[in-house]
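Single-structure report; data block below.
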Amino acid sequence: MPPKAKGKDKKTGKGKGKKDGDLGDAELGPAELLVQAKLRIESLERQLVWREEKLQAALIAQRELKEQVAQYHADFEREKTEIFDISSDMTRQYKGMQEELLTRLNSLENQIASQQDQLEMSRVQLEEVRAEKAQELAKKDAEIAEQQLKMEDMAVEFGEMLKETLEKMSERIEITNSSWDAGTGEQAARRLEEFKLSNMGM
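Going by the working numbering, the sequence shown opens with residue 656, and the numbers climb by one from there.
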């Protein structure tokens with residue numbers, strides 16, 4: 656609230672009109688008028704100073720408010736930028752992780768497919784080896800059976816030859832037995848028996 660002007664009108668009151676004021680001023684002398692003017696000037700100066708102070712305070716408040724608004728705006732823009740950077744970074748990280756996971760997934764799928772192919776090839780090779788081994792085993796069994804049959808045939812043939820030889824020798828011994836004496840016959844019989852035993856040992 657501005658300061659009130661000092662003057663003699665406080666004593667006379669505010670209800671008087673200009674005519675009374677003019678008459679009052681006309682009754683004052685030059686010195687009193689000068690004092691009154693000086694007081695009025697001082698009052699106006701005080702009012703001016705007060706108004707300037709109020710204006711300066713308002714300007715300061717306005718400047719501070721503008722600074723606060725600017726600071727709020729700067730903070731908002733900074734936070735907005737930070738949020739955008741964080742969001743961009745998270746989006747970039749998410750995309751990177753997604754690409755990495757897709758790459759790993761594709762790699763694992765390729766490895767699984769390759770291992771399945773290798774497993775199938777190994778299975779086929781195992782079946783082929785089993786078939787080859789079965790054929791070889793059957794061939795060996797056939798060869799063994801054939802050899803056994805040949806050995807049996809040879810044994811039978813050898814037995815027949817031996818029997819035939821023994822029979823022929825027995826016939827010859829019987830033919831010549833009449834011309835030998837008893838000692839000579841017994842000796843021939845022992846030799847024949849030794850010959851049989853030696854042939855059976857073969």
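Every residue, glycine too, gets a C-beta built ideally from N, C-alpha and C.
Original post:
If we call anything under 8 Å between Cβ atoms a contact, is Q691 one with L699?
Top reply: Going by C-beta atoms, Q691 is not nearer than 8 Å to L699.
Original post:
In angstroms, rounded to a whole number, what distance separates the CA positions of M824 and M809?
Top reply: C-alpha of M824 to C-alpha of M809: approximately 22 Å in a straight line.
Original post:
Whose C-beta lies closer than 7 Å to the C-beta of E798 among residues of the same chain, with five residues either side of it excluded?
Top reply: Excluding positions up to five away in sequence, the list is empty.
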